[in-house]
Amino acid sequence: MFQRLQHLLGIESLTNEQIVFILDQAKPFQEFQRYPLKKLATLRGKTVALAFFENSTRTRISFATAAARLGADTMNLQAESSSVRKGESLLDTVHTLEAMRPDGIVIRHSSSGAPELVAGRLGIPVINAGDGTHEHPSQALLDALTIRDRKGKLEGLSVTILGDILHSRVARSNIHLLSKFGVQFRLCGPAMWVPREVESLGPNVRRIGRIEEAVDGTDVVMVLRVQTERIHEPALAPEEYILRYQLTPERLRLARPDALVMHPGPMIRGLEIDPVVADGPQSCVLEQVANGLAVRMALLYHLIGGAPVDAPHPAKERSNASD
Amino acid sequence: MRIVEKRQLLSAEEIDRTLQRVAHEIVEKTSGASDLALIGVRRRGVPLSERLAQMIRSFAHVEVPVGTLDITLYRDDLSTIGPQPVVQSTHIDFPVDDRDLVIVDDVLYTGRTTRAAMNGLFDLGRPRRIMLCVLMDRGHRELPVEATFIGRTVDTTDTEIVEVRLREIDGKERVVLVDRVS
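Structure follows, in structure tokens:
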């Protein structure tokens, strides 16, 4: 029985059916990005609050553009959160948001679980745009769409993730999603960023010490950014990171010839990824960005559009409405 | 409350003859269907538009491009009908600028679908002219919309529904009038 989604807090609790539904619904919105006039009235009159407590340009612009193209208005909240006042700020802002009555909220916060807290407090749909090191569901969905479009399927593929797995909500959400489709994961990075515990993230997840072994024969290489703002001591000097973990053309050649190179962005060219690889034919980085817009439009359409889930008596569809 | 079939409006043969006649009207009214394109409104407008193009190809030897349009995102009743309807793809892979378009749908009723279809087409460009072709016109317009090409006109009450069944979608081929009775 297909369950209509009320919030998108994470990938872990979604069924395969729900995931495929979102990916399928992103297709018409992919085509929409090619229209001369990219402005719908579908969500006209709706307001989407973009509550970004953590710095983000790309994800915020992507959600803002998705809302605008659907005809919705946005409330832009960008708040700095210091580690001392974290909890206080979040609850205060929740109350402020309630007073302004948005129809839905997209939230990014440095605390894992913050979107779930907000969803429990407000009666409106909540979309997690990244919470701490927990999940980044719309990223995993756009990554899955990119893989499915290029490879024709998700089932049974081999995916390698390179970099700081420990602190990566992108890695976690991707592992949750793709594991549901039987994907085998190889995770590789500096030892203190790829602890043994990561192998319990999914049924088919292995830690690999050497990058050459990690990319050998793989279908997809996902490269993570070295997140200097998230950790206070780098685990390795940049030169050593490059030497041991950079995705170079030579290392990429060990993967399947049609392997995809993906990166959630923004890339640090010359650090985790060689510029030649970043701009090469196997790189899907720009497609990922475009697909992000389509996925987020599909999410806003289904979660924030329409009558409220618990509306008392939604009007019946007219007979002879086009079906 | 159940649905009861009241009478058949068109048999399979009658549907075919009606479409043939409409196809000829289209060619006549557009001076040979040059510069024309058919836009089938999902779902049942799609096979109808394809059949019309096939008929025009066969008797007028003109290749009329066919596109499909999903109007879900342009509906005016989305915030009232509960969960959002599933969005399908729109495939119009020719430019609509300066072109004569014929929107093709199975039933013309309130006219809201046609309004939504026009909005969809305006997002793609600026057609020179938009015409409307429907298999059945059942009256009860709520917007100032009229069809240029009509298969059959039928008087209906508020509770009646005109059901078009096409072999490509329904496996059957007929048009029936049904009613809701308690």
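If you read the protein sequences in the order shown, they are chains A and B. Using the numbering used here, the first residue of the first sequence is number 1117, and each one after it goes up by one. Using the numbering used here, the first residue of the second sequence is number 18, and each one after it goes up by one. We put the CB at the ideal spot given by N, CA and C, even for glycine.
> Exposed or buried, residue 1183 of chain A, counting other C-beta atoms within 10 Å across all chains shown (16 or more means buried)?
Replying inline: The residue given as residue 1183 of chain A occupies position 67 in the first sequence. Residue 1183 of chain A is buried by the Cβ-count criterion.
> Buried or exposed: which applies to residue 111 of chain B, given that a residue is buried once 16 or more other Cβ atoms fall within 10 Å of its Cβ?
Replying inline: The residue given as residue 111 of chain B occupies position 94 in the second sequence. With fewer than 16 Cβ atoms within 10 Å of its Cβ, residue 111 of chain B is classed as exposed.
>> Pop quiz: residue 1254 of chain A and residue 1412 of chain A are said to be a contact at Cβ under 8 Å. What is the actual Cβ separation, rounded to whole angstroms?
In response: Translated into positions along the first sequence, residue 1254 of chain A becomes position 138. Translated into positions along the first sequence, residue 1412 of chain A becomes position 296. Confirmed, about 6 Å.
> For the putative contact between residue 1188 of chain A and residue 1222 of chain A, defined by C-beta atoms under 8 Å, what is the C-beta separation to the nearest angstrom?
Replying inline: Locating residue 1188 of chain A in the first sequence gives position 72, counting from the first residue. Locating residue 1222 of chain A in the first sequence gives position 106, counting from the first residue. Not quite, the Cβ-Cβ distance comes to about 11 Å (not below 8 Å), so this is no contact.
>> For residue 1325 of chain A, which residues in the same chain have their Cβ closer than 6 Å to its Cβ, ignoring the five residues on either side in sequence?
In response: Here residue 1325 of chain A refers to the residue found at position 209 of the first sequence. Nothing meets the Cβ criterion.
> Who are the neighbours of residue 1105 of chain A on chain B, taking C-beta pairs under 7 Å?
Replying inline: Residue 1105 of chain A lies beyond the stretch modelled for chain A, which goes from 1117 to 1439, so this question has no answer here.
> Quick one: is residue 1370 of chain A near chain B, going by C-beta distance under 8 Å?
Replying inline: Locating residue 1370 of chain A in the first sequence gives position 254, where the first residue counts as 1. Taking Cβ atoms only, chain B never reaches closer than 8 Å to residue 1370 of chain A, which makes this a no.
> How many angstroms separate the CA atom of residue 1186 of chain A from the CA atom of residue 1149 of chain A?
Replying inline: Numbered from 1 along the first sequence, position 70 holds the residue referred to as residue 1186 of chain A. Numbered from 1 along the first sequence, position 33 holds the residue referred to as residue 1149 of chain A. Using only the alpha carbons, I get a separation of about 11 Å.
> Who are the Cβ neighbours of residue 1444 of chain A in its own chain at under 6 Å, not counting the five residues just before and after it?
Replying inline: The structure shown does not extend to residue 1444 of chain A, since chain A is modelled only from 1117 to 1439, so the question has no answer here.
> Rounded C-beta distance between residue 1376 of chain A and residue 1277 of chain A? I'm assuming under 8 Å.
Replying inline: Here residue 1376 of chain A refers to the residue found at position 260 of the first sequence. Here residue 1277 of chain A refers to the residue found at position 161 of the first sequence. About 12 Å; that fails the 8 Å criterion.
> Does the beta-carbon distance from residue 1170 of chain A to residue 1225 of chain A come in below 8 Å?
Replying inline: Reading the first sequence from its first residue, position 54 is the one you call residue 1170 of chain A. Reading the first sequence from its first residue, position 109 is the one you call residue 1225 of chain A. Result yes, Cβ atoms of residue 1170 of chain A and residue 1225 of chain A sit closer than 8 Å.
>> Please identify, using Cβ separations under 8 Å, the residues of the segment 1410 to 1421 of chain A that lie next to chain B, in order along the chain.
In response: With the criterion set as a beta carbon lying under 8 Å from some beta carbon of chain B, the members of the segment 1410 to 1421 of chain A are 1414, 1417, 1418, 1421, in sequence order.
>> So the candidates are B:159, B:145, B:160, B:168; which of them puts its Cα closest to the Cα of residue 153 of chain B?
In response: Walking along the second sequence from the start, residue 153 of chain B turns up at place 136. It is B:168 whose Cα lies nearest to the Cα of residue 153 of chain B.
>> For a test of the three-state rule: what should DSSP assign to residue 31 of chain B, helix, strand or coil?
In response: Here residue 31 of chain B refers to the residue found at position 14 of the second sequence. Here residue 31 of chain B sits in helix by DSSP.
>> Against residue 1151 of chain A, what residues of chain B qualify as contacts under a CB-to-CB distance less than 7 Å, listed in chain order?
In response: Numbered from its first residue, the first sequence carries residue 1151 of chain A at position 35. Within chain B, the residues near residue 1151 of chain A are 140, 141.
> Between the segment 67 to 80 of chain B and chain A, which residues of the former have CB atoms less than 9 Å from a CB of the latter, in chain order?
Replying inline: Sequence-ordered contacts of the segment 67 to 80 of chain B with chain A are nonexistent [C-beta pairs closer than 9 Å].
>> Under 8 Å: do the segment 81 to 88 of chain B and the segment 142 to 162 of chain B share three or more Cβ pairs, one atom per stretch?
In response: no
> If you draw a straight line from the C-alpha of residue 1200 of chain A to the C-alpha of residue 1206 of chain A, how long is it?
Replying inline: Numbered from 1 along the first sequence, position 84 holds the residue referred to as residue 1200 of chain A. Numbered from 1 along the first sequence, position 90 holds the residue referred to as residue 1206 of chain A. With a pLDDT of 39 at residue 1200 of chain A, under the threshold of 50, the predicted position of this residue should be treated as unreliable, and no value is reported.
> Do you know offhand how far residue 1383 of chain A's Cα is from residue 1125 of chain A's?
Replying inline: Indexing the first sequence from 1 puts residue 1383 of chain A at position 267. Indexing the first sequence from 1 puts residue 1125 of chain A at position 9. Roughly 26 Å separates the two Cα atoms.
>> Does the CB of residue 1144 of chain A have a neighbour CB from chain B at under 8 Å?
In response: Mapped onto the first sequence, residue 1144 of chain A falls at position 28. Judged by the 8 Å Cβ criterion, residue 1144 of chain A is in contact with chain B.
> Does any CB atom of chain A fall closer than 8 Å to the CB of residue 100 of chain B?
Replying inline: Translated into positions along the second sequence, residue 100 of chain B becomes position 83. Closer than 8 Å: yes.
> Of all the alpha helix (DSSP H) runs that stay within the bounds of the segment 1223 to 1305 of chain A, which reach a length of 4 or more residues?
Replying inline: 1230 to 1237, 1253 to 1267, 1285 to 1295
>> Looking at chain B, is there any beta carbon in it that lies within less than 8 Å of the beta carbon of residue 1141 of chain A?
In response: For this step, residue 1141 of chain A is matched to residue 25 along the first sequence. Residue 1141 of chain A counts as touching chain B.
> How should residue 175 of chain B be labelled, buried or exposed, when 16 other C-beta atoms within 10 angstroms of its C-beta is the threshold for buried?
Replying inline: For the purposes of this step, residue 175 of chain B is taken as the residue at position 158 of the second sequence. Within 10 angstroms of the beta-carbon of residue 175 of chain B lie fewer than 16 other beta-carbons, which makes it exposed.
> What three-state label does DSSP hand residue 1200 of chain A in the structure shown?
Replying inline: For the purposes of this step, residue 1200 of chain A is taken as residue 84 along the first sequence, with counting starting at 1. For residue 1200 of chain A, the predicted structure reports a pLDDT of 39, less than 50, and the residue's modelled location is therefore unreliable. A value from the coordinates is still provided. Here residue 1200 of chain A sits in coil by DSSP.
>> Counting only C-beta atoms, is residue 90 of chain B closer than 8 Å to chain A at any point?
In response: Along the second sequence, read from residue 1 onward, the residue named residue 90 of chain B stands at position 73. With 8 Å as the cut-off, residue 90 of chain B counts as an interface residue toward chain A.
>> Can you tell me whether residue 1308 of chain A is helix, strand or coil according to DSSP?
In response: Residue numbering aside, residue 1308 of chain A sits at position 192 when the first sequence is read from its first letter. Residue state, collapsed to three classes: helix.
>> Please list, in chain order, the chain A residues whose beta carbon lies closer than 9 Å to that of residue 192 of chain B.
In response: The count along the second sequence starts at 1 and reaches residue 192 of chain B at position 175. Scanning chain A for C-beta atoms nearer than 9 Å to the C-beta of residue 192 of chain B yields nothing, as the closest lies near 12 Å away.
> Per DSSP, residue 54 of chain B forms a beta bridge with which residues?
Replying inline: Looking up residue 54 of chain B in the second sequence gives position 37. In DSSP, residue 54 of chain B forms a bridge with B:118.
> What is the DSSP secondary structure of residue 1128 of chain A, counted as helix, strand or coil?
Replying inline: Taking the first sequence and counting its residues from 1, one reaches residue 1128 of chain A at position 12. Coil at residue 1128 of chain A, not helix or strand.
> Going by beta carbon distance, what residues of the same chain come within less than 8 Å of residue 163 of chain B, once the five residues before and after it are set aside?
Replying inline: Position 146 of the second sequence, counted from the start, is the residue given in the question as residue 163 of chain B. Here the set comprises 149.
>> Beta-carbon within less than 7 Å of residue 1295 of chain A's beta-carbon, same chain only, minus the 5 sequence neighbours each way: which residues are those?
In response: Indexing the first sequence from 1 puts residue 1295 of chain A at position 179. 1318, 1319, 1320, listed in sequence order.
> So, are the CB atoms of residue 1174 of chain A and residue 1166 of chain A less than 8 Å apart?
Replying inline: Working through the first sequence from its first residue, we reach residue 1174 of chain A at position 58. Working through the first sequence from its first residue, we reach residue 1166 of chain A at position 50. Contact: no.
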